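Trainee: Structure in structure tokens, see below.
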Amino acid sequence: GLIPSHLVAVSFEPTNSETITNGELTFGGTDSSKFTGTGDTTLFLIQEFYMKSITGPGFYIISLECGSITFTPITGTSPASEFWGISQSVRYGTSTTILSTTAGIVDTGTTLLLLATNAINAYTKANGAVLDNTTGLLRLITAQFAKLQSLFFTIGGTTFELTANAQAWPRNLNADIGGTANNVYLIVGDLGTDSGEGLDFINGQTFLVEFYSVFDTANKRVGLATTPFTTATTN
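Per this note's numbering, the very first residue in the sequence shown carries number 13; after that it's consecutive.
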């Protein structure tokens with residue numbers, strides 16, 4: 013049959029095993045079993061479109077229950093606007109802004125969460141992480157990880173929390189990247205340029221495993237929502 017709406021929704025779950033695959037794509041709608049929400053923040057998306065049926069052109073109204081998905085428009089800032097570009101700010105802990113509101117992209121094809129160099133410098137200054145030359149990832153010792161604070165992303169007026177555990181590469185997979193068991197490696201990396209370039213972050217797959225994402229072509233917007241695994245301690 014026809015896909016009812018020009019959007020695709022993506023669901024991941026965190027895992028600490030190479031053999032577990034749990035991603036899901038939903039074409040034309042969203043899967044309410046994959047994200048969470050409360051009654052106070054429930055939104056309903058009504059999308060109108062034309063399509064041809066066996067009786068000729070018709071007008072249809074499709075109602076999609078969107079739970080607490082937060083939608084934000086595609087940014088007008090280039091070059092992020094050429095992709096699934098959005099605006100966001102990033103805070104470390106309760107009060108340390110490491111990236112003021114700026115444009116970047118959401119990308120399932122990028123492994124890490126990448127932030128502008130000046131944001132990474134502020135992040136590592138706050139948590140003590142150093143670059144591990146073997147893995148290419150930022151590294152903490154266990155004592156530092158115990159003090160690691162959450163990252164907070166403000167997107168479309170909603171704040172999404174990336175917990176300390178969600179910032180860690182799965183410890184069971186340390187050896188797979190050439191790391192050692194007693195270190196904690198971070199999934200937050202350096203984009204390689206300072207902010208102000210028009211593409212100052214990439215919310216990659218290690219960010220998206222913690223959230224439900226919707227890529228809405230028809231309405232030129234990206235949606236994000238928490239999931240039952242957003243605060244999981246899988247890593």
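The C-beta atom is built at its ideal place from N, Cα and C for all residues, glycine as well.
It should be emphasised that the depicted structure is a prediction, and the values quoted were computed from it without experimental measurement.
DSSP on GLN100, reduced to helix/strand/coil?
Mentor: Looking up residue 100 in the sequence shown gives position 88. GLN100 falls in the strand class under three-state DSSP.
Trainee: Is LYS159 buried or exposed, if buried means 16 or more other CB atoms sit within 10 Å of its CB?
Mentor: As a first step, residue 159 must be located in the sequence shown, where it is residue number 147. LYS159 comes out exposed.
Trainee: The alpha helix (DSSP H) with THR136 in it runs from where to where?
Mentor: Start at 1 with the first residue of the sequence shown, and residue 136 comes out as number 124. First-last of the alpha helix (DSSP H) with THR136: 129-139.
Trainee: What does the alpha-carbon distance come out to for the pair THR122 and PHE213?
Mentor: Taking the first residue of the sequence shown as position 1, residue 122 is located at position 110. Taking the first residue of the sequence shown as position 1, residue 213 is located at position 201. In a straight line, the C-alpha of THR122 is about 11 Å away from that of PHE213.
Trainee: With distances taken Cα to Cα, identify the nearest neighbour of GLY169 among THR146, HIS18, SER80 and ALA193.
Mentor: Working through the sequence shown from its first residue, we reach residue 169 at position 157. Among THR146, HIS18, SER80 and ALA193, the Cα nearest to that of GLY169 is on SER80.
Trainee: I need the straight-line Cα distance from GLY88 to THR192, nearest angstrom please.
Mentor: The residue labelled residue 88 in the question sits at position 76 within the sequence shown. The residue labelled residue 192 in the question sits at position 180 within the sequence shown. For GLY88 and THR192, the distance between alpha carbons rounds to 43 Å.
Trainee: Could you please give the first and the last residue of the uninterrupted alpha helix (DSSP H) stretch that includes ALA155?
Mentor: For the purposes of this step, residue 155 is identified with residue 143 of the sequence shown, where counting begins at 1. Start and end: 154-157.
Trainee: Quick one: complete alpha helix (DSSP H) runs, 4+ long, within the stretch 186-229?
Mentor: The stretch 186-229 contains these whole alpha helix (DSSP H) runs: 217-220.
Trainee: If you draw a straight line from the C-alpha of PRO85 to the C-alpha of SER29, how long is it?
Mentor: Counting from one through the sequence shown, the residue named residue 85 turns up at place 73. Counting from one through the sequence shown, the residue named residue 29 turns up at place 17. Approximately 35 Å, taken between the alpha carbons.
Trainee: If you scan the stretch 14-46 from start to end, which runs of the beta strand (DSSP E) of 3 or more residues do you find wholly inside it?
Mentor: With a minimum length of 3 residues, the continuous beta strand (DSSP E) runs that stay inside the stretch 14-46 are 19-23 and 36-39.
Trainee: What are the start and end residues of the beta strand (DSSP E) that includes LEU111?
Mentor: Start at 1 with the first residue of the sequence shown, and residue 111 comes out as number 99. Note, LEU111: beta strand (DSSP E), 108-118.
Trainee: Report the rounded CA-to-CA distance for ALA131 versus THR245, giving the unit in angstroms.
Mentor: Here the question's residue 131 lines up with position 119 in the sequence shown. Here the question's residue 245 lines up with position 233 in the sequence shown. Cα to Cα, the separation comes out at about 25 Å.
Trainee: Just to confirm my understanding: we take ASP180, look at its own chain, exclude 5 residues before and 5 after, and list those with CB closer than 6 Å. What are they?
Mentor: Counting from 1 along the sequence shown, the entry for residue 180 is found at position 168. Sequence inspection shows Ala at residue 180; the Asp mentioned does not correspond to that position. These residues qualify, in order along the chain: VAL196 and ASN247.
Trainee: Using the C-alpha atoms, what's the distance from ASN184 back to PHE157?
Mentor: The count along the sequence shown starts at 1 and reaches residue 157 at position 145. The count along the sequence shown starts at 1 and reaches residue 184 at position 172. Taking the straight line from one Cα to the other gives about 16 Å.
Trainee: To the nearest whole angstrom, what separates the beta carbons of PHE219 and LEU174, a pair I think is in contact under 8 Å?
Mentor: What you label residue 219 is simply residue 207 of the sequence shown in a count that begins at 1. What you label residue 174 is simply residue 162 of the sequence shown in a count that begins at 1. Right, their Cβ atoms sit about 7 Å apart.
Trainee: CA-CA distance, LEU127 and VAL118?
Mentor: Indexing the sequence shown from 1 puts residue 127 at position 115. Indexing the sequence shown from 1 puts residue 118 at position 106. Straight-line Cα distance between these residues: approximately 12 Å.
Trainee: I think LEU203 touches THR129, with their Cβ atoms under 8 Å apart; what is that distance to the nearest whole Å?
Mentor: The residue you call residue 203 lines up with position 191 of the sequence shown. The residue you call residue 129 lines up with position 117 of the sequence shown. Their Cβ separation, rounded to whole angstroms, is 7 Å, which keeps LEU203 and THR129 in contact under 8 Å.
Trainee: Expressed to the nearest angstrom, what Euclidean distance is found between the alpha-carbon atoms of GLY201 and LEU14?
Mentor: Reading the sequence shown from its first residue, position 189 is the one you call residue 201. Reading the sequence shown from its first residue, position 2 is the one you call residue 14. Near 40 Å, if we compare the C-alpha coordinates of LEU14 and GLY201.
Trainee: Let me check one thing: in DSSP terms, what residues is ALA180 bridge-paired to?
Mentor: As a first step, residue 180 must be located in the sequence shown, where it is residue number 168. According to DSSP, which records beta bridges pairwise, ALA180 is partnered with LEU198.
Trainee: Can you tell me whether ILE74 is helix, strand or coil according to DSSP?
Mentor: Against the sequence shown, residue 74 aligns to sequence position 62. Annotation note: pLDDT 31 at ILE74 (below 50); position unreliable, no value reported.
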